[in-house]
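Following numbering that gives the first Met the number 0, the numbering of the sequence shown begins with 0 at its first residue and continues without gaps. Below is one structure; the comments refer to it alone.
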Amino acid sequence: MRKVILDVDTGVDDALAILYGLESKQLEFLGITTVNGNVPLDMVNSNTLKVLQLAGRDDVKVYPGAESPLIREAEHEFMVHGTDGIGNALDDVTLEKELDNQFAPDFIIESARRHRGELTLIMVGPLTNLALALKKEPRLAGWLDEVIVMGGLVSLAGKGNSLPNSEFNIYADAEAARIVFHSGAEVTLVSLDVTHQTFLTIDHIETMKGTKYYNFVKQSTDVFRNFSMQRYNINGCALHDPLTVGFAIDKEFLETEKYFVDVETVSPLGYGQTICDFRNLWKKEPNVNICLNVDGEGFVKHFLETISVD
Ligand code: RIB
Ligand code: CA
């Protein structure tokens, strides 16, 4: 099985990604690392631990990471993920599982050193932890198999979700994203261009009735689905993070091509914009695999089949 570390800012779709990755039985989770993002780090930690309790996976350790971006002030997404980050769906769960005491960037470095060339990082929150790890250990990029990042938009000008041309994970820490994109690691960017073709609708969720995670999925996505109704007129939760995990499970879900991609870290109009040089105007070596197409229907079907367990 593919060795992975999943870096999360749990968040509703992060929670779905954790359940999907674990239930796929295709990935060997060396651990889950947490980062400030959708909600503050303490909520991310609690949510991630509770989701693992729900899944009955006490074997999977959680390593706390950065509680703030490298430079900019933290901004959160309570409007999308609810006041606690998972739609208050696990309020009645008593937290028993504890965090590991190793700092996430150090765990990433240690794991990559130990599993040279075999470790895939799946990054579904702001890239602060990986940027800190790369700054501490510059050889890290060469030790990794690949880095799959949920973030950005490359062809959907004006259809960002934080600024017109910026997606939240990159916008939340653009300086960190720039370090990762220029690190020399094998990076694939699973952007809004494809994740916005993978909505989990209320009709999809109702097909899960009677299965283990039905109540959690329906309740945790309620705020997210209401937000989507207002913004996109879709009663659904975009599977941003699950699709990113899906690429680690089966690359056939996405068609990718490598281009030079840079990140805007200065302009207030475009902070966090992922700029893909399709016409090679900058004459720079391609550094990021971007996603051109997705089998959206096929992915949502696989996601539902995988998490509809008893
Ligand atoms: O823009 C979507 C991304 O931002 C997802 O990872 C979501 O969880 C939030 O972190
Ligand atoms: Ca996320």
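By construction, the Cβ of each residue, glycine as well, lies at the ideal position given by its N, Cα and C atoms. Just so you know, these numbers come straight off a predicted model, no measurement behind them.
Open item on the list: Among Gly141, Glu205, Ser165, whose alpha-carbon lies nearest the alpha-carbon of Val179?
Closed with: Gly141
Open item on the list: Check for me: the beta strand (DSSP E) holding Asn259 runs from which residue to which?
Closed with: Asn is not the amino acid found at residue 259; the sequence shown has Phe there. No beta strand (DSSP E) contains Phe259, which DSSP labels as neither H nor E.
TODO: Can you grab the Cα-Cα spacing for the pair Leu51 / Leu40, in whole Å?
DONE: The straight-line gap from Cα to Cα measures roughly 17 Å.
Task: Sequence-distant residues of the same chain with beta carbon closer than 8 Å to Glu22, five excluded per side - done: Ala54, Thr305, Ile306, Val308
Open item on the list: Quick check: is any heavy atom of ligand 1 less than 7 Å from the C-beta of Phe259?
Closed with: no
Open item on the list: Which runs of the alpha helix (DSSP H) at least 4 residues long sit entirely within the region 33-86? Give them in chain order.
Closed with: 40-54, 77-80
Open item on the list: I want to check one thing, is the minimum distance from the CB of Glu294 to the heavy atoms of ligand 2 below 7 Å?
Closed with: Note on identity: in this sequence residue 294 is Asp, with Glu being the wrong assignment. No - ligand 2 has no heavy atom lying nearer than 7 Å to the Cβ of Asp294.
TODO: Between the Cα of Val262 and those of Gly271, Met78, Asp105, spot the shortest distance and give me the residue it belongs to.
DONE: Gly271
TODO: Mind checking which residues open and close the beta strand (DSSP E) that includes Ala156?
DONE: No beta strand (DSSP E) holds Ala156; DSSP gives it neither H nor E.
Task: Residue of Glu117, Ile248, Pro125 minimising C-alpha distance to Glu185 - done: Glu117
TODO: Report yes if the C-beta of Asn160 is less than 7 Å from at least one heavy atom of ligand 1; otherwise report no.
DONE: Yes, the beta carbon of Asn160 sits closer than 7 Å to at least one heavy atom of ligand 1.
Task: Check: Val7 C-beta below 7 Å from any heavy atom of ligand 2 - done: yes
Task: Ala130 to Val34 span [Cα, whole Å] - done: 12 Å
- [ ] Note down, one range per segment and in chain order, each beta strand (DSSP E) of at least 3 residues found wholly within the region 126-182.
- [x] Look at the region 126-182 and you find these whole runs of beta strand (DSSP E), each 3 residues long or longer: 145-149.
Open item on the list: ligand 1 and Gly124: does the residue's C-beta get closer than 7 Å to at least one heavy atom of that ligand?
Closed with: yes
Open item on the list: Looking at ligand 2, does it come within less than 7 Å of Asn37, judged from the CB to the closest heavy atom?
Closed with: yes
Open item on the list: Going by C-alpha to C-alpha distance, which of Ser182, Val153, Leu18 sits closest to Tyr212?
Closed with: Leu18
- [ ] Following the continuous beta strand (DSSP E) through Leu188, name the residue where it begins and the one where it ends.
- [x] 186-189
Task: Buried or exposed by the 16-neighbour rule on C-beta atoms within 10 Å, applied to Thr206 - done: exposed
TODO: Return yes when the C-beta of Asp13 is under 7 Å from any heavy atom of ligand 4, and no when it is not.
DONE: For the structure depicted, ligand 4 is absent and the ligand set comprises only ligand 1 and ligand 2.
Open item on the list: For Leu5 and Ser266, what's the separation of their Cα atoms in angstroms?
Closed with: 30 Å
Open item on the list: What does the alpha-carbon distance come out to for the pair Asp294 and Pro285?
Closed with: 24 Å
Open item on the list: Could you give the first and the last residue of the continuous alpha helix (DSSP H) run that contains Asp12?
Closed with: 11-23
Task: Short Cβ contact (8 Å threshold) for Ala247 with Ile169 - done: It is not a contact, given that the beta carbons lie outside the stated cut-off.
Open item on the list: Following a CB-centred definition, is Asp240 positioned closer than 7 Å to any heavy atom of ligand 1?
Closed with: yes
Open item on the list: Could you tell me the alpha carbon to alpha carbon distance between Val299 and Asp8, rounded to whole angstroms?
Closed with: 22 Å
- [ ] For the alpha helix (DSSP H) holding Arg113, just list the boundary residues, first then last.
- [x] 103-113
- [ ] From the DSSP output, in three-state form, read off Val277 for me.
- [x] Checking the sequence, you will find Phe at residue 277 rather than Val. It is coil, neither helix nor strand.
Open item on the list: Does the beta-carbon of Gly10, which I'm using as the reference point, lie nearer than 7 Å to any heavy atom of ligand 1?
Closed with: yes
TODO: Taking all protein chains shown into account, decide if Tyr231 is buried (16 or more other Cβ within 10 angstroms of its Cβ) or exposed.
DONE: Exposed, since its Cβ has fewer than 16 Cβ neighbours within 10 Å.
- [ ] Kindly examine ligand 1 and report whether one of its heavy atoms sits closer than 7 Å to the Cβ of Glu66.
- [x] no
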